[in-house]
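In the working numbering, the protein residues as written are 1 to 126. Ideal placement from N, C-alpha and C gives every residue a C-beta, glycine not left out.
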Ligand code: SF4
């Protein structure tokens, strides 16, 4: 695959997979042909490219990055490459005690949790 297609400035789509199926989300459906799940090697290569460009803020996104196996090893790799500000965008569904512990120990500086509504009814619909 072309590794540059998954880079958005300082954002890496670590996977197109997601553990949610929001009605309004057409990311995976519409982009299947444009975005493939990057291999481990692809992700390391993307981080290398961004580190070489002296990116200071890197966002790990998806799909849902927490369904990506070994996501924490990529965060550690980016930190070891000198990228200072590391962020993850997540839907929060997998944020149990164990995952929160791993996040706390990781080099992440920021966790962006998407809350699509505070309305119980709408939450069940979307
Ligand atoms: S959580 Fe995000 S990526 Fe997953 S289905 Fe919903 S909008 Fe799409």
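Within a 10 Å sphere around the beta-carbon of residue 69 sit fewer than 16 other beta-carbons, which makes this residue exposed. Going by beta carbons, residue 49 and residue 10 fall outside the 7 Å limit. The C-alpha of residue 121 is placed about 33 Å away from the C-alpha of residue 109. Taking every protein chain shown into account, the CB of residue 61 has 16 or more other CB atoms within 10 angstroms, so this residue is buried.
Around the Cβ of residue 93, a 10 Å sphere holds fewer than 16 other Cβ atoms; the residue is exposed.
C-alpha of residue 74 to C-alpha of residue 43: approximately 7 Å in a straight line. Proximity of the beta carbon of residue 51 to the ligand SF4 is not indicated: no heavy atom of the ligand is located closer than 6 Å.
Inclusion of residue 91 in the 6 Å shell around the ligand SF4 follows from its C-beta lying nearer than that to a non-hydrogen atom of the ligand.
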